[in-house]
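K.L.:
Numbering (my numbering), first residue to last: 32 to 287. Pasting a structure here, questions to come.
As structure tokens, then:
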């Protein structure tokens, strides 16, 4: 029941916040990510309206309390056409290399508003004072902080896209768009092209690992229970045999 609920929630999140048509994801874990050149090559295709790579990193936030947090980095010119994170102030397109977008809950916790400043220390040890340039309500995909690729490239972190999200051009069929995208993505060994539906299903299916783990634990519990029952019954019979034998030895009859 929990797994089914989580799967439905995952599908709802991507249905609402991902407005594109295709995704190029990494084909398995451990490959590091996708080259940023892939998104650039895809944006050059006439069949593609927008292709945006998403990257992730970690920074230390200095505001009210010092804590480490994850952030997402995007290309402001293209991300707004593929994602809808519920902007309530500002816009993704207006994000600058000196700015940051905040989830509204994160902003409330740190008592920040649009126009305020926020200090972040990146992996290279540099501390930058960023201006809050917008706020959004949907943090499931965006996380608590969003910065631009231009700023992330100065952070000392590895510049690889986690995935590339794509919106096809108007009037282009899914088959034609998929063929054009595959012509570019096939040149990258760790790239896997998925349609919107396939990608959402794959994200939901990741919960199956948890379900299989629960089944494994359940099976182990059943095996242990069977051994315990068999052992208890065997001991009961063994003890009762000796008890009855002793009673017969001192004169008790079988009916007694």
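For every residue, glycine included, the Cβ atom is placed at its ideal position computed from N, Cα and C.
Which whole-angstrom value describes the C-beta separation of residue 52 and residue 227, a residue pair presumed to lie in contact below a C-beta threshold of 8 Å?
P.N.:
Confirmed, Cβ separation roughly 5 Å.
K.L.:
For residue 234, which residues in the same chain have their Cβ closer than 7 Å to its Cβ, ignoring the five residues on either side in sequence?
P.N.:
Taken in chain order, the residues that qualify are 41 and 45.
K.L.:
Please look up how many angstroms separate the CB atoms of residue 246 and residue 54, rounded, as I've assumed it's under 8 Å.
P.N.:
The Cβ separation is near 29 Å, so there is no contact.
K.L.:
Let me check understanding here. Comparing Cα to Cα, which of 110, 74, 96 and 93 lies closest to residue 86?
P.N.:
The shortest Cα separation from residue 86 among 110, 74, 96 and 93 belongs to 110.
K.L.:
Tell me which same chain residues have a C-beta within less than 6 Å of the C-beta of residue 117, skipping the five on either side of it?
P.N.:
Around residue 117: 167, 168 and 169.
K.L.:
Report yes if the C-beta distance between residue 211 and residue 78 is below 7 Å; otherwise report no.
P.N.:
In contact: residue 211 and residue 78 (Cβ atoms closer than 7 Å).
K.L.:
Residue 222 and residue 80: beta carbons closer than 7 Å?
P.N.:
No, the pair does not count as a contact, with Cβ atoms beyond the cut-off.
K.L.:
Quick check: what's the CA-CA separation for residue 127 versus residue 232?
P.N.:
Going from the Cα of residue 127 to the Cα of residue 232 covers about 34 Å.
K.L.:
Buried or exposed: which applies to residue 220, given that a residue is buried once 16 or more other Cβ atoms fall within 10 Å of its Cβ?
P.N.:
Result: exposed.
K.L.:
Can the beta-carbon of residue 94 be found closer than 7 Å to that of residue 141?
P.N.:
Their beta carbons are under 7 Å apart, which means residue 94 touches residue 141 by this criterion.
K.L.:
When the distance is taken between beta carbons, is residue 195 closer than 7 Å to residue 70?
P.N.:
For residue 70 and residue 195, yes; Cβs fall inside 7 Å.
K.L.:
Do residue 64 and residue 203 have their beta-carbon atoms positioned less than 7 Å apart in this structure?
P.N.:
No, the pair does not count as a contact, with Cβ atoms beyond the cut-off.
K.L.:
Between which two residues does the alpha helix (DSSP H) holding residue 283 run?
P.N.:
Taken as a continuous stretch (DSSP letters only), residue 283 belongs to no alpha helix (DSSP H), as it is neither H nor E.
K.L.:
Return the CA-CA distance between residue 198 and residue 125, expressed in angstroms with no decimal places.
P.N.:
When rounded, the distance between both Cα atoms is 20 Å.
K.L.:
Express the C-alpha separation of residue 187 and residue 98 in angstroms, rounding to a whole number.
P.N.:
Approximately 19 Å between the Cα atoms of the pair.
K.L.:
I'd like the ranges of any beta strand (DSSP E) spanning at least 3 consecutive residues and lying wholly in the stretch 211-271.
P.N.:
Correct list: 222-226.
K.L.:
Kindly indicate which residue of 92, 267, 57 and 74 has the alpha-carbon position closest to the one of residue 175.
P.N.:
For the residues 92, 267, 57 and 74, the minimum Cα distance to residue 175 belongs to 92.
K.L.:
How many Å lie between residue 279 and residue 265 at the Cα?
P.N.:
Going by the C-alpha atoms only, they are around 21 Å apart.
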